[in-house]
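S.K.: Residue numbers for the sequence shown follow my numbering, beginning at 150 and rising by one.
Each residue gets a CB set at the ideal place from its N, CA and C atoms; glycine is no exception.
What you are looking at is a predicted structure, and each value in this text was computed from that prediction instead of being measured.
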Amino acid sequence: MTQPSRLAIVPFVSVDRMMKLVLAIGVERFLTELAAYIEEDFRRWELFDKTPRIASHSHDGVIELMPTSDGKMYGFKYVNGHPKNMREGRQTVTAFGVLADVGSGYPMLLTEMTILTALRTAATSAVAAKYLAPKGSQAMAIIGNGAQSEFQAIAFKALLGVDKLRLYDIDRSASEKCARNLAAKGFDITICSTGQDAVEGVDIITTVTADKQYATILTDNMVGSGVHINAVGGDCPGKTELHRDILLRSDIFVEFPPQTRIEGEIQQLDADHPVTELWQVMTGKAQGRKTKEQITLFDSVGFATEDFSALRYVRDQLQATGLYEELDLLADPDEPRDLFGMLLRAAMQPAA
Numbered sequence: 150m151t152q153p154s155r156l157a158i159v160p161f162v163s164v165d166r167m168m169k170l171v172l173a174i175g176v177e178r179f180l181t182e183l184a185a186y187i188e189e190d191f192r193r194w195e196l197f198d199k200t201p202r203i204a205s206h207s208h209d210g211v212i213e214l215m216p217t218s219d220g221k222m223y224g225f226k227y228v229n230g231h232p233k234n235m236r237e238g239r240q241t242v243t244a245f246g247v248l249a250d251v252g253s254g255y256p257m258l259l260t261e262m263t264i265l266t267a268l269r270t271a272a273t274s275a276v277a278a279k280y281l282a283p284k285g286s287q288a289m290a291i292i293g294n295g296a297q298s299e300f301q302a303i304a305f306k307a308l309l310g311v312d313k314l315r316l317y318d319i320d321r322s323a324s325e326k327c328a329r330n331l332a333a334k335g336f337d338i339t340i341c342s343t344g345q346d347a348v349e350g351v352d353i354i355t356t357v358t359a360d361k362q363y364a365t366i367l368t369d370n371m372v373g374s375g376v377h378i379n380a381v382g383g384d385c386p387g388k389t390e391l392h393r394d395i396l397l398r399s400d401i402f403v404e405f406p407p408q409t410r411i412e413g414e415i416q417q418l419d420a421d422h423p424v425t426e427l428w429q430v431m432t433g434k435a436q437g438r439k440t441k442e443q444i445t446l447f448d449s450v451g452f453a454t455e456d457f458s459a460l461r462y463v464r465d466q467l468q469a470t471g472l473y474e475e476l477d478l479l480a481d482p483d484e485p486r487d488l489f490g491m492l493l494r495a496a497m498q499p500a501a
């Protein structure tokens with residue numbers, strides 16, 4: 150059997166290789182380095198092609214494509230969101246992604262992104278909190294203790310030094326799972342019986358629930374002055390976590406307004422309600438936290454540049470680690486115009 154051309158080969162990072170890559174680098178270091186890539190790309194925001202993700206909604210969930218390019222590389226992620234999957238023993242969110250060379254159009258990387266999305270979401274949350282959370286924040290409530298919760302906790306510890314966690318989930322076993330997984334990570338952990346209990350005395354409130362519905366995870370009376378809210382769970386039309394009155398009391402920061410106004414907490418507000426773009430804060434074009442009393446809200450829905458950053462980061466780790474497979478993905482005949490001839494020549498090859 151003829152060996153494929155080297156031009157036909159694309160590095161592929163499977164779930165197994167991704168887990169080995171994260172563990173070889175270390176979860177904390179991985180998140181810290183990934184956060185640096187995310188921040189770097191936010192700082193060059195104006196270079197990127199930007200479009201709201203392309204979504205196909207159904208009664209059961211959503212399937213989305215998230216594309217972007219910086220003019221040299223093109224990246225996209227395929228991702229779903231199906232809250233009912235958990236009841237069927239499946240992941241709520243799964244994903245894979247591609248990074249390609251703009252000059253040739255050839256893919257440079259194909260990778261799982263279910264694990265990688267959890268890492269990049271947590272890293273993005275922590276990057277935003279660097280600019281928005283109260284200085285010296287140590288205590289965080291995490292409301293919703295599913296698949297994303299541990300990643301959020303470790304990212305906030307690695308980047309901000311947050312080491313006190315107050316956990317709440319309507320399913321106490323989820324909180325117990327989260328506490329168990331984080332037991333050796335240097336946290337002081339309290340499992341709470343209500344959301345109100347969870348937010349007592351914290352500097353940061355992270356909401357990261359999965360139900361695809363308008364929900365009120367935080368009511369107005371639960372949020373005092375001076376806190377930073379990291380609203381992660383809202384990510385599609387008809388799905389929110391915060392009471393509208395909280396939004397009206399907060400300074401709101403977003404990734405890409407045309408997407409967030411459709412999918413984020415601010416879908417509850419008028420279309421012209423003022424928000425600040427996160428990249429503007431990072432580049433000094435706008436202020437983040439201004440006062441101790443201010444309530445800041447990062448209305449996080451996830452944007453394609455964050456996936457692009459994650460794809461860049463993973464690709465940059467492959468040569469040193471070797472944690473990838475070679476995938477024969479592209480048809481590359483000796484004569485580019487003779488694709489059919491390639492098929493005929495394959496028919497004449499002896500069986501393996």
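Which residues mark the beginning and the end of the alpha helix (DSSP H) in which I187 is found?
M.R.: V176 to R192
S.K.: On a CA-only basis, which of K284, G295, A249 and G254 is nearest R236? Give me that one, please.
M.R.: G295
S.K.: With DSSP collapsed to three states, give me the class of N294.
M.R.: coil
S.K.: Let me check understanding here. Comparing Cα to Cα, which of M491, G490, A480 and V211 lies closest to P256?
M.R.: A480
S.K.: Taking only three categories from DSSP, how would you classify L367?
M.R.: strand
S.K.: Restricting to Cα atoms, I'd like to know which of E475, Y473, A495 and L476 is closest to D483.
M.R.: A495
S.K.: If distances are taken between C-alpha atoms only, which option among H206, D312, S449 and T343 comes closest to F336?
M.R.: D312
S.K.: Check the C-beta distance from D420 over to R269 and give it rounded, since I have them as a contact under 8 Å.
M.R.: Sequence inspection shows Ala at residue 420; the Asp mentioned does not correspond to that position. Not quite, the Cβ-Cβ distance comes to about 28 Å (not below 8 Å), so this is no contact.
S.K.: For V513, which residues in the same chain have their Cβ closer than 6 Å to its Cβ, ignoring the five residues on either side in sequence?
M.R.: With the chain covering only 150 through 501, there is no way to say anything about residue 513.
S.K.: Kindly identify the DSSP beta-bridge partner or partners of F447.
M.R.: F447 has N379 and F402 as its beta-bridge partners, per DSSP.
S.K.: State the DSSP-derived secondary structure class of K284, mapped to helix, strand or coil.
M.R.: coil
S.K.: Distance, Cα to Cα, T217 vs F197?
M.R.: 7 Å
S.K.: DSSP state of G437, grouped into three classes?
M.R.: coil
S.K.: Count the other CB atoms, across all protein chains shown, that sit within 10 Å of the CB of G489; report buried if there are 16 or more and exposed otherwise.
M.R.: Residue 489 is actually Phe in this sequence, not Gly. Classification of F489: exposed, given that the 10 Å Cβ count is below 16.
S.K.: Do T273 and S449 have their CB atoms nearer than 9 Å?
M.R.: Yes, these two residues count as a Cβ contact at 9 Å.
S.K.: How far does the alpha helix (DSSP H) with R155 in it reach, from first residue to last?
M.R.: Element bounds for R155: n/a, residue is neither H nor E.
S.K.: Among N379, V376 and A290, whose alpha-carbon lies nearest the alpha-carbon of I338?
M.R.: A290
S.K.: Is K221 helix, strand or coil when you go by DSSP?
M.R.: coil
S.K.: Quick one: measure Cβ to Cβ for L396 and E414, integer angstroms, because I've assumed they're closer than 8 Å.
M.R.: 6 Å
S.K.: Starting from T355, follow its DSSP beta bridges and name the residues at the other end.
M.R.: I291 and N379
S.K.: Apart from the five residues on each side of it in sequence, which residues of its chain come closer than 6 Å, Cβ to Cβ, to A271?
M.R.: Correct list, in chain order: F300, Q301 and A304.
S.K.: When you compare the CB positions of G344 and Y317, do they come within less than 9 Å of one another, or not?
M.R.: yes
S.K.: Following the continuous alpha helix (DSSP H) through V491, name the residue where it begins and the one where it ends.
M.R.: The sequence shown places Met at residue 491, rather than the Val named in the question. L488 to A496 is the span of the alpha helix (DSSP H), which, as asked, contains M491.
S.K.: Find the nearest neighbour of H206 within the set P232, E188 and R438, judged by alpha-carbon distance.
M.R.: P232
S.K.: Against chain B, does L418 count as a neighbour if the rule is that its beta carbon must be under 9 Å from one of theirs?
M.R.: The question asks about chain B, but that chain is absent: this structure has only one protein chain.
S.K.: By DSSP, does F336 sit in helix, in strand, or in coil?
M.R.: coil
S.K.: Helix, strand or coil: how does DSSP classify R202 here?
M.R.: Assignment of R202 by DSSP, reduced to helix, strand and coil, places it in the coil class.
S.K.: Tell me, please, which residues DSSP counts as bridged to G246.
M.R.: K226 and T260
S.K.: Quick one: residues in its chain with C-beta nearer than 8 Å to the C-beta of P386, no 5 flanking neighbours on either side, listed in chain order?
M.R.: H206, I411, E412 and Q416
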